[in-house]
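Residue 4 in our numbering sits at position 4 of the sequence shown, with consecutive numbering throughout. All residues carry an ideal CB built from backbone N, CA and C; glycine is no exception. All figures in this text were calculated on a predicted structure; none of them were measured in a lab.
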Amino acid sequence: MEQQQHQQQLQVNVPENERVMSVKEWLITFLIMMVPVVNLVMYFVWAFGSEGNLNRKNWAKANLLIVGICIGLYLSIFFLLLIVAFIATSVKQ
């Protein structure tokens, strides 16, 4: 009985945007992420929007950071290979 009262007090004191997201909310989030173009828009909305759950906000920021790093690595490798290809063709001539 005392434990239930303590849990209820903790739930009341947690702000709405800081509460733990339920499995249902995460499933909806992942379903939205499966829709092309909408997922990119929602990443930015969730990451930089003024409202919303802080868990999802941090998750969206982390995913955007990872995507940015991956794109940066891919572009670096692409341009490096492009430069090597130009050097190789100019050496053959």
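On the three-pair Cβ rule with 8 Å, is the stretch 73-91 touching the stretch 42-57?
no
Output the distance between the C-alpha atoms of residue 27 and residue 13, rounded to the nearest integer angstrom.
26 Å
Start-end ranges of the alpha helix (DSSP H) lying completely within the stretch 21-90, minimum 4 residues
23-33, 38-48
Name the residue from 19, 93, 90, 91 whose alpha carbon lies nearest to the alpha carbon of residue 54.
19
Using the beta-carbon count (16 or more within 10 Å), is residue 60 buried or exposed?
buried
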